[in-house]
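Engineer: Residue numbers (the working numbering), protein chains in the order written: chain A, 2 to 284; chain B, 12 to 176.
1) Give every residue of the same chain whose Cβ lies closer than 8 Å to the Cβ of residue 36 of chain B, excluding the five residues on either side of it in the sequence, and list them in chain order.
2) At 8 Å on the CB atoms, spell out the chain B contacts of residue 55 of chain A, in chain order.
3) Using a Cβ-Cβ cut-off of 6 Å (strictly less than) and excluding sequence neighbours within five positions of residue 55 of chain B, which residues of its own chain qualify?
4) Measuring only the C-alpha atoms, how far is residue 179 of chain A from residue 129 of chain A?
5) Does any residue of chain A have a CB that is nearer than 8 Å to the CB of residue 93 of chain B?
6) Would you grab the beta carbon distance between residue 164 of chain A and residue 243 of chain A for me? Rounded to a whole angstrom, and I think it's under 8 Å.
7) Can you give me, in chain order, the residues of the region 130–149 of chain A that have a beta carbon less than 8 Å from any beta carbon in chain B?
8) For the region 259–278 of chain A, list every residue whose C-beta sits within 7 Å of some C-beta in chain B, in sequence order.
9) Do residue 195 of chain A and residue 233 of chain A count as a contact pair if the criterion is CB distance below 8 Å?
10) So is residue 139 of chain A buried or exposed if we call it buried at 16+ other beta carbons inside 10 Å?
11) CB-CB under 7 Å to residue 245 of chain A, same chain, minus the five flanking residues each way: which ones, in chain order?
12) Residue 156 of chain A bridges to which residues according to DSSP?
13) Using DSSP bridges, identify the partner residues of residue 124 of chain A.
14) I need the straight-line Cα distance from residue 175 of chain B to residue 41 of chain B, nearest angstrom please.
15) Label residue 293 of chain A either buried or exposed according to how many other C-beta atoms from any shown protein chain fall within 10 Å of its C-beta, with 16 as the threshold for buried.
16) Give the DSSP-derived three-state secondary structure of residue 171 of chain B in the structure shown.
17) Excluding the 5 residues preceding and the 5 following residue 133 of chain A in the sequence, name in chain order all residues of the same chain whose CB lies nearer than 6 Å to its CB.
18) Could you tell me whether the Cβ atoms of residue 28 of chain A and residue 130 of chain B are closer together than 8 Å?
19) Quick one: list the residues of chain B neighbouring residue 184 of chain A, beta-carbon separation under 8 Å, in chain order.
20) Any idea if residue 255 of chain A is buried or exposed, counting beta-carbon neighbours within 10 angstroms, 16 or more meaning buried?
21) Contact criterion: CB-CB distance below 8 Å. Does residue 253 of chain A meet it with respect to chain B?
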């Protein structure tokens with residue numbers, strides 16, 4: 002009897018309506034996400050409306066972080082600066098040595114050529130406005146979208162040309178970039194020194210750490226630590242973009258293929274600004 | 012007329028509070044991890060508002076918050092929408108029926124909402140095979156860090172409610 006009274010009180014007509022609307026909305030959003038080829042209308046609308054707020058708060062957050070670092074990390078910044086100065090001096094010495102003994106050094110020429118080759122890239126710069134707050138997803142939102150020429154599948158890189166991730170959702174003035182550390186992203190890649198190919202994917206280990214793995218390497222693949230892993234290219238992004246460096250190689254769970262653990266080429270935690278390759282000359 | 016204006020003002024301020032919480036969660040704390048876990052502020056905010064406004068009004072707020080969260084590309088999509096609505100309805104009903112509207116109740120309701128939302132999301136992802144069972148170890152840290160925001164949200168929601176009545 003008492004249970005009936007409580008049940009009636011909880012299941013009032015208004016509560017029933019709310020539950021029904023929630024279920025309908027949930028089903029609609031799931032269906033829309035499953036059947037639509039691009040970003041669903043509702044998501045696009047909310048993303049577009051939120052984008053200026055996200056950009057504003059992100060700008061304030063960046064400024065606050067700078068002040069915080071200035072106030073509380075001055076000594077560590079000084080130490081870092083001293084360390085960097087040492088590195089610069091060391092690198093300058095290396096360059097002088099190279100210029101003295103090997104003016105015709107082939108690697109330097111190749112590097113120069115490589116820089117020239119990047120002239121065909123059309124890059125759109127964008128600031129990161131928010132990060133996906135999920136424990137199990139690595140993605141962020143940027144303040145540029147379809148209006149700036151972005152489409153799904155384009156590649157996001159750092160100013161040094163290191164791969165950050167791929168554009169997975171695009172709105173009018175916002176886009177979501179899923180990073181290379183996310184388990185849902187699979188990027189076709191090759192080891193630049195040996196040419197072995199595989200698929201690079203973010204993976205969660207049993208101890209909850211998130212690592213980058215290159216899967217489906219053949220068992221006879223000869224792989225060395227610190228080998229560079231680069232993209233093999235697609236219709237939407239070029240080949241030869243740096244993904245990471247090999248740190249370890251093992252047989253995978255099936256025992257019929259090898260996988261390599263990679264250290265990502267860029268530090269995702271320190272990213273503020275990224276560049277999307279919107280056009281490039283395909284080979 | 013004045014009551015209607017006050018009521019509209021209250022819900023506008025609640026919407027603003029939710030927007031602020033959402034931006035805090037995604038922009039400011041989006042990539043920050045505490046003991047390996049990210050904060051989850053939305054269930055806490057929804058529980059605080061729902062417990063102060065009862066099952067029906069709180070449930071409607073939970074539904075609206077869930078819909079915006081889901082459409083903004085938030086984690087869990089439609090599942091989170093239903094979880095937030097359900098938690099708001101249940102928290103509101105518990106406070107209508109059994110609990111007094113105080114900070115202690117807000118803490119209990121927030122903890123309950125966090126447990127339900129994050130637990131169900133984990134179960135859903137585990138069922139899909141995207142996470143391993145060891146990821147459950149992040150949950151206590153996430154609950155602890157997220158609960159720290161509860162008093163702040165409770166007082167904000169309480170102040171807004173006072174302005175609207």
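A virtual CB, placed ideally from N, CA and C, is assigned to each residue, including glycine.
Structural biologist: Taking the definition as stated:
1) 50, 51, 52 and 53
2) 34, 37 and 38
3) 121, 157, 160, 161 and 164
4) 12 Å
5) yes
6) 7 Å
7) 130, 131, 132, 133, 134, 135, 136, 137, 138, 141 and 142
8) Hits within the stretch, in order: 270.
9) no
10) buried
11) 213, 230, 263, 264, 265 and 266
12) A:167 and A:278
13) A:278
14) Cα to Cα, the separation comes out at about 32 Å.
15) In the structure as shown, chain A starts at 2 and stops at 284, and residue 293 of chain A therefore has no counterpart that could be examined.
16) helix
17) The beta carbon of residue 133 of chain A sits closer than 6 Å to those of 140, all from its chain and outside the five residues before and after it, given in chain order.
18) no
19) 141
20) exposed
21) no
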